[in-house]
Amino acid sequence: MTIFWFSLKRSFSNTTNLIFLTLFPVGAIFLPMGEVWPFLPYGYQFFGIIVLFVGIRLATIILEDRAKGVVKRLAVAPVTHFQYLTQNLLAFSIILILQSIIVIYGGVLYGHELYHPEWLLVLFISFSFTSLAVALAWISLYRSKETSFLVYMSVIFLIVFLGGLLMPIEAFPDILQRIAVIFPTYWLSEGIVWIVFGNDISEFLLINGVLWLYTIIFLVIGSVRRIN
Amino acid sequence: MMIASMQGVVKRYGSNIVLDYVDLAIDEGEIIGLLGPNGAGKTTLIQTLTGMIPFEKGQVTLFGDVKAPFSNKNKEKIGLVTQEITIFEELTAKENLQFFAGVYGLKGEEKKNSVQEALEFVGLSDRANKMPKKFSGGMKRRLNIACALTHRPRFIIMDEPTVGIDPQSRNYILEAVKKLREEGTTILYTTHYMEEVQAIASRVVIMDQGQIIKEGTVDELIKTIQHEEKVKIDVTDAGQIPLNKLESVTGVKQVNVDGNQIMIISEANSGNLDRILSLIKAHAGVLGIQADKPNLEDVFLTLTGKQLRDKVGEE
Amino acid sequence: MRVISTMKFTFFRMVREYITLLLLLVVPIVLLTVFSFVLEGVTTETGEPLINEQNVIFVLVFQMFGGALAMAYIHTDFFTERKQRIYALPFNQTLYAFSIMVCGIVYSVLLGIVLMTFSEFVFGADWGNWLWAIYIIFLLALLSNIVCLIFTFSVNNFKIAERLSEVYGVGFVILAGLIFPVPGNDFFVFVNTYVNPITLAADAIYGMNQSHAGEAWFRSNILLIASGVLFIVMLILGKRKIR
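So, in C-alpha cells, the structure goes:
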C-alpha cells in the first residue's frame, strides 16, 4: 500500500491542494441560505463545484507522474498499472468521502437545515466518485498538468451552469433543459431537490444509479486509454 | 586588442565568495575555453562580465570602456548563448531571430539578411517558420545560438552550449564555432567536455572555487603535469605478479590492479618500462600494453581533484 | 525604438496562447450565449432587458483576469533563466517590462471589444455609448494588469502571485454578489459602492446609459485614481526587482 500512503501525502503537500481540500469545504459550511433558491444553503448547492475541482486537482497527481516519467519507473517495478491506479483512486476517494462527511456533519452542527443529512452524504459520495472518474478520463487526454487544469476549469464552468447548479433548471429554455440531463451536475442538482422535497426512494436510487453509471463509464475510458 | 578584462573582481552571495579576486584578459580573436567543476563560478563570471549582476570589488573593462562597460553601445557588440534554452517557444524560429535582430537595432534589408544568414549558419533555414515546441533538443540549442548571432557580434559568450544534445548536433555546433573563429570573432566558451576545449580553444582557463587556478594553451597546461607517465598492461594472470617488487622499480609511483590489467604510474622519463615488462613476463604472459599520455582531463582532475562537487545552484 | 520593435512579438506570443483565448474569449462567448437564451424576454425592475446587464457584467468579470498574461511574461522574461538573455540585450529593461504591460492591457481590451461586439450584434444587448464602455473596459484592464504585476513583484514564489491574482478576480466577483447574495450590511455596501472594480465599472456604464453622467464619471474616476495610486506602488516594487 506504499502508493496509497504516498498518494495521501502528496495530495496534501501542495499549498493549492491544501486550500481546496480543507479551506474551501469548511468555508462552504458557513455560506448563507438562499431566499427562494437554492433549497439548501449555498455551500451545499455549490459543494459539487468544489468536488469537481478537488477531483481534477487530485487526478493531476497521476498526470504529473506520467509527464515526469515516474510511470516508466513503475512500469519496470513489481507493481501493476491496476495496483497503481487503484491505490491512487482509493486515496483520493477517502479524501473526498472525508470532506463530504465534514461538510455535512459540520453543517448539522452549525444548525443548517439539511433535511436528510445521511441521504445527502450518500449523494455527495456518489458525485465524488463521478467527479474522480471524469477527472481520470480527462487527464488521459493531456500531457501537461497546467493545460489540463485550465481547460477543465472552462468545462466545469459550463457543466455546472448547464446542469442547473448555478441557476434553477426550470428557468432554462426547453432545449437546454433537455440537454441538461447529459451532465452529471444535473443529476446532483436533482438529487439535492429530492433531499428537500422527495419521498420516493426509487427516485433517489435512480439519481445515484446514474451517477454511478457515469463513474463506471468514465473510469473505463480513463483506464483503457492509459493501458493503450 | 583586448576585448574584455576583469581585474580583481570579487562577488559574494552573503558570506559565500563566488568570485575571488578574478583576473582575466580576453584578446580579440581568441577562443577561451573556461573549465571548472560545478560550483566553480563560471556562470557567475559570465554574468559579471556581461553586467547582469553587480560585484563588490574590482573592475570590468569591455571594448576598452572602463567607465561604462555595460552601456548599450557595448552590449550591441556582445552575443550571449545561455546555458539554458532561452528562446521564445511561442514564436517561430524566424520570429525569434527577428525579435533579437530588432533589439540589436537592425532594420529593413539588413535585418532580413542577417536573420536568413543566422538560420543558415545553424542549419535551420528549412524550419524557419516552425515553432520551437516541435524542435528536438539539438535544434533548440542551435536556435539558442542563432539568437546570439543575428547582430554579428564581435564577442560571443557561450555558456555550455552543447549540454544534453546528440553528437551530430554537438559536432555541428563545434564546426560553427570554428567558422566564427575564422571570421575573427572572439569567443568565451564554457564547457565540461574536455574534448571540445581541446578541439577549439586557443587558450584554456581553469577555474575552481571562484579562482582562476591555471591558464594557458592546451600544450602548456599538459606540460605542467607531464611529470607522470601511465602504462596499462594486460596480463594472463595478475595474481601471479609480485606487486611489491613492481612498486620498488625505480621511478614507479603507484601500481593499481583491475582484474587482469595492471596500471603503473611512473615519473616522467624514468625509462623503466623495460624493467617493468621483464618483471611481469617472469610471472605471467603479457597480452597488451597501452601507454597513456596526460591529456586536458588529467590536468583538470589533477588541479581540481576528483571529488564530486554537488553544489546546488552554482551561480 | 528597440523596445517598440519587440511589441509586435509580444503580441504574437499573447495571441498564440490558446488556453488564454479559450478562457477569456471562448468561455465568455459560450456563457453569454447560454445566458442570452435563458434570459430572453426577462426584464429588470426598470423594464430594461436583463440581458443588457448580464452582458456588461460578464465582459467586465473576464477583464478582472486580463492581467494573467502580462504577469506570466514578466515572470518568464525577468525572473527565470531567460532573464540572462534579456539583461544582456542593449535596451532599457524597465521599458521592455512596460511594453509587456501595455500589450497585456491592449490585448485584454481587444478581447473585451470582441465580446461587446458579439453580444450586441448576435444577441441585441445594448451597450449604449460604445466609446464610454470601451474606456471603462480599458480602466478595468489597466487596474487588473497593475494589480497582477504588484503581486508578481511583491512575492518571490510566482505560484503564490498567480493564486493572489485569482483571489483578486474571484474575490470581487463573490463580493459583488454574483455567485450568491452577500449580506446587505454597511461593509458590503461600501465595498460595492466605492471599492469593487466590477461594480464600479458596471455602474459607470449603466450610469452613462441612464444619463447620470455625473455618477458615471465619479465611478470611473475612482477606477482611474486607484489605477494611478497602484501604478506608483507597482513602480516602486518593480524598480527593486527590475533594473
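Protein chains in written order, with my numbering: chain A, -14 to 213; chain B, 14 to 328; chain C, 3 to 245.
By construction, the Cβ of each residue, glycine as well, lies at the ideal position given by its N, Cα and C atoms.
Would you say Ile16/B and Asp40/B are within 8 Å of each other, going by their C-beta atoms?
yes
Restricting to Cα atoms, I'd like to know which of Ala13/A, Ala60/A, Phe9/A and Leu70/A is closest to Phe226/A.
Any question about residue 226/A goes unanswered here, given that chain A covers just -14 to 213.
Going by DSSP, name the residue or residues bridged to Pro51/C.
Thr45/C
Gly121/B in three-state terms, based on DSSP
helix
Please classify Phe189/C: is it buried, with 16 or more other beta-carbons within 10 angstroms of its beta-carbon, or exposed?
exposed
Close-in-space but distant-in-sequence residues of the same chain around Arg216/B (CB under 8 Å, 5 per side omitted):
Glu43, Ile44, Ile45, Gly46, Glu228, Gly229 and Thr230
Listed from N- to C-terminal order along the chain, which residues in the stretch 8 to 25 of chain C have their beta-carbon within a distance smaller than 8 Å of any beta-carbon of chain A?
Ile21, Leu24 and Leu25
Does Gln86/C have its Cβ less than 8 Å from a Cβ in chain B?
yes
With distances taken from CA atoms, which of Glu310/B, Thr263/B and Asn87/B is nearest Lys330/B?
It is not possible to answer for residue 330/B, since the shown part of chain B is limited to 14 through 328.
Counting Cβ pairs closer than 8 Å, one from the stretch 78 to 93 of chain B and one from the stretch 245 to 252 of chain B, do we hit at least three?
no
Are the C-beta of Arg221/C and some C-beta of chain A separated by less than 8 Å?
no
Helix, strand or coil for Asp250/B, going by three-state DSSP, please let me know.
coil
In chain order, what residues of the same chain lie with their CB nearer than 8 Å to the CB of Phe68/B, ignoring the 5 residues before and after it?
Val22, Val23, Lys24, Leu32 and Thr61
Could you check the C-alpha separation between Val325/B and Gly52/B for me, to the nearest Å?
Bear in mind that a pLDDT of 45 at Val325/B, under 50, signals an unreliable position, so the model cannot answer this.
Leaving out five residues on either side along the sequence, give the residues of the same chain with a beta carbon under 7 Å from the beta carbon of Asn213/A.
Annotation note: pLDDT 49 at Asn213/A (below 50); position unreliable, coordinate value reported separately. Here the set comprises nothing.
Three-state class that DSSP yields for Ile244/C in the structure shown
coil
Quick one: residues in its chain with C-beta nearer than 8 Å to the C-beta of Tyr95/A, no 5 flanking neighbours on either side, listed in chain order?
Ile14 and Phe15
Can you pull the chain A neighbours of Val247/C, defined as C-beta to C-beta under 7 Å?
Any property of residue 247/C remains undetermined from this structure, which presents chain C solely from 3 to 245.
Using a C-beta to C-beta distance shorter than 7 Å, which residues of chain B count as neighbours of Arg4/C?
Gly115, Val116 and Gly118
Counting only beta-carbon atoms, is Phe5/A nearer than 8 Å to chain C?
no
To the nearest angstrom, report how far apart Met118/C and Phe153/C are at their CA atoms.
29 Å
Thr29/C at chain A interface by Cβ criterion, 8 Å
Looking at the sequence itself, residue 29/C is Val, so the reference to Thr does not match. Closer than 8 Å to some Cβ of chain A, the Cβ of Val29/C qualifies, so yes.
Under the three-state DSSP convention, the category Arg163/A falls into:
helix
Contact residues within the stretch 91 to 122 of chain C, judged by C-beta distance below 7 Å to chain B
Leu91, Pro92 and Phe93
Chain C partners of Met152/B, CB-CB under 9 Å?
Within 9 Å Cβ-Cβ: nothing; Met152/B doesn't reach chain C, min ~18 Å.
Cβ shell of Ala10/B (< 6 Å), same chain only, five flanking positions each side left out:
The structure shown does not extend to residue 10/B, since chain B is modelled only from 14 to 328, so the question has no answer here.
Using a Cβ cut-off of 7 Å, pull out every chain A residue sitting near Phe174/C, in sequence order please.
The contacting residues do not exist; Phe174/C stays about 17 Å from chain A at best.
Own chain, CB closer than 6 Å to Ala203/C, minus 5 neighbours either side, in chain order
Leu62, Ile138 and Leu142
Sequence ranges, alpha helix (DSSP H) only - wholly within the stretch 273 to 300 of chain B, length at least 4
286 to 294
With C-beta atoms as the reference, is Thr105/B less than 8 Å away from Ala161/B?
no
Does any residue of chain A have a CB that is nearer than 8 Å to the CB of Val40/C?
yes
Check whether chain C comes within 8 Å of Ala13/A, counting only Cβ atoms and requiring the distance to be less than that.
no
Interface residues of chain B around Tyr89/C at Cβ under 8 Å?
Thr63, Gly64 and Met65
Cβ pair Pro26/A, His97/A closer than 8 Å
yes
Enclosing alpha helix (DSSP H) for Val35/B [first to last residue]:
Careful: Val35/B lies outside any alpha helix (DSSP H), inside the beta strand (DSSP E) at Asn29 to Asp40.
Alpha-carbon to alpha-carbon, Phe81/C and Ile244/C
9 Å
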